[in-house]
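S.K.: Sharing a structure here in structure tokens format.
Protein chains: 2
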Amino acid sequence: MDSALRPYDLGSVQWYVLYHLATAGPTMQRDLVRLLTIERATMTGIVATLVRKGLVEQEPDRVDQRQKLLRITATGAKLWGELPDLSFIRSVAFDGIDEADIAVAVRVIQTATERLENLLQKGTAS
Amino acid sequence: MDSALRPYDLGSVQWYVLYHLATAGPTMQRDLVRLLTIERATMTGIVATLVRKGLVEQEPDRVDQRQKLLRITATGAKLWGELPDLSFIRSVAFDGIDEADIAVAVRVIQTATERLENLLQKGTAS
DNA sequence: ACATATTTGCTAGGTAGCTAGCAAAATTGG
DNA sequence: CCAATTTTGCTAGCTACCTAGCAAATATGT
């Protein structure tokens, strides 16, 4: 993904934020943090980059002034329209592999990931 | 891994470098680059960090002065001795999961990864 | 009503990866 | 033998992730 997006000077997470704003409309920054399950501080940096490039606007909510509403700009929408379809990546990676095998792989990794996340949380909770 | 190593102020790649130097003895920096399959520039940074902390020494080879030999220091060896066994991570993640399923997962991911790497190289070769 | 909590986003500083381009040293080919 | 190429490590500058700690705004509990 990063490689395909390099010509447009975008990283994969920047792409996802743009994708969400273009598709689902203006969104609260904190909701996007939850969607991507990254840290608030990480999102701050990504949004700052997108704002610097003029692709996204950030404005405080009128009701709750802590929250910031993110909106794609005209420039951002234009760029979004020019981006290529990235679904070829999935095709290259998985086409022709047995569906059942993929399902097994997903289950194994999901289980392992959940267990490790569990462990992490317990360690942190102390 | 990062989480388990945080108390020792080590990242996972720093750990691996230390592991290799403690286990296999002094090693050429460029060999380590190949072992870890990371970029030379990335290795430069990691080695710089380890040298700054006094855990690793870096000295030019007498024959080929481009190459740098990496060696664990006394301080590094001491720290290495104090580090906990990290194999519990693998146990937590995979214990009890069917061996055959794990094998399938490995194959699926290996195939997908190889295909994507192939694609990348072709794109770069142009 | 007001002190205490929580939520949200920020800064500062760290790890781990990348590319591009440079310089020095070593190797190779005519 | 010497010019051209390759190898090695470096710097500079980028993305993307993290934690810790702060400040402002809001919510909550007595």
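Each protein sequence line maps, in turn, to chains A and B.
For what it's worth, the working numbering labels the leading residue of the first sequence as 1, then goes sequentially.
For what it's worth, the working numbering labels the leading residue of the second sequence as 1001, then goes sequentially.
Think of the CB as a built atom: it goes at the ideal place given N, C-alpha and C, for glycine as much as any other residue.
Since the structure is predicted, the reported quantities are computational estimates derived from the model, not experimental observations.
Counting only C-beta atoms, is A/A3 closer than 7 Å to chain B at any point?
M.R.: Here the sequence assigns Ser to residue 3 of chain A, which means Ala is not the residue at that position. Taking Cβ atoms only, chain B reaches closer than 7 Å to A/S3, which makes this a yes.
S.K.: Identify whether B/K1078 lies in helix, strand or coil by the three-state DSSP scheme.
M.R.: helix
S.K.: Would A/L10 pass as an interface residue toward chain B - the criterion being a Cβ-Cβ separation below 7 Å?
M.R.: no
S.K.: Against chain B, does A/L120 count as a neighbour if the rule is that its beta carbon must be under 7 Å from one of theirs?
M.R.: yes
S.K.: Return no unless some Cβ of chain A is closer than 7 Å to the Cβ of B/D1085.
M.R.: no
S.K.: Between B/V1047 and the rest of its own chain, which residues show a CB-CB distance below 7 Å, the 5 nearest in sequence each way excluded?
M.R.: Q1029, V1056, Q1058, L1070
S.K.: According to DSSP, is A/V108 part of a helix, a strand, or is it coil?
M.R.: helix
S.K.: Kindly say whether B/I1102, judged by its beta-carbon, lies nearer than 7 Å to any beta-carbon of chain A.
M.R.: yes
S.K.: Report yes or no: is there a C-beta of chain A within less than 7 Å of the C-beta of B/A1112?
M.R.: yes
S.K.: Check the DSSP bridge columns for A/T44 and list the partner residues they point to.
M.R.: Bridge partners of A/T44 according to DSSP: none are assigned.
S.K.: Below 7 Å between beta carbons: does that hold for B/A1112 and A/F94?
M.R.: yes
S.K.: Below 8 Å, can you find three or more Cβ-Cβ pairs linking the stretch 102–120 of chain A to the stretch 26–42 of chain A?
M.R.: no
S.K.: Using a Cβ cut-off of 7 Å (strictly closer), state whether A/R6 contacts chain B.
M.R.: no
S.K.: Go ahead and label A/V77 buried or exposed: buried means 16 or more other beta carbons lie within 10 angstroms of its beta carbon, across all protein chains shown.
M.R.: The displayed chain sequence assigns Ala, not Val, to residue 77 of chain A. The residue in question, A/A77, is exposed, as its Cβ has fewer than 16 Cβ neighbours within 10 Å.
S.K.: Could you run through the stretch 88–99 of chain A and flag, in chain order, every residue whose CB is less than 7 Å away from some CB of chain B?
M.R.: V92, A93, F94, I97
S.K.: Taking the alpha-carbon positions, what's the B/Q1121 to B/A1022 distance?
M.R.: 34 Å
S.K.: State the DSSP-derived secondary structure class of B/L1069, mapped to helix, strand or coil.
M.R.: strand
S.K.: Rounding to the nearest angstrom, what Cα-Cα distance links B/Q1014 and A/R40 in this structure?
M.R.: 26 Å
S.K.: List the whole-angstrom C-beta distance separating B/Y1008 from B/L1079, where the pair is believed to meet the contact cut-off of C-beta under 8 Å.
M.R.: Between B/L1079 and B/Y1008 the Cβ distance is about 7 Å, and since that is below 8 Å, they are a contact.
S.K.: With a Cβ-Cβ cutoff of 7 Å, do A/R62 and B/V1092 count as a contact?
M.R.: Inclusion of A/R62 and B/V1092 in the CB contact set at 7 Å is not warranted, their separation being larger than that value.
S.K.: Looking at the structure shown, is B/S1126 part of a helix, part of a strand, or coil, going by DSSP?
M.R.: Because B/S1126 carries a pLDDT of 42, less than 50, the predicted location of this residue cannot be relied on, and the following value inherits that uncertainty. In this structure, B/S1126 counts as coil in the three-state DSSP scheme.
S.K.: Give me the Cβ distance between A/K68 and A/P60, rounded to the nearest whole Å; I'm assuming they're in contact under 8 Å.
M.R.: 6 Å
S.K.: Whole angstroms are fine: how far does the CA of B/L1086 sit from the CA of A/R117?
M.R.: Residue identity differs from the one stated: residue 117 of chain A is Glu in this sequence, not Arg. Cα-Cα distance, rounded: 16 Å.
S.K.: Could you check what DSSP says for A/E99 in three-state terms: helix, strand or coil?
M.R.: helix
S.K.: Going by DSSP, what residue range makes up the alpha helix (DSSP H) through A/V13?
M.R.: Per DSSP, A/V13 belongs to the alpha helix (DSSP H) from 12–24.
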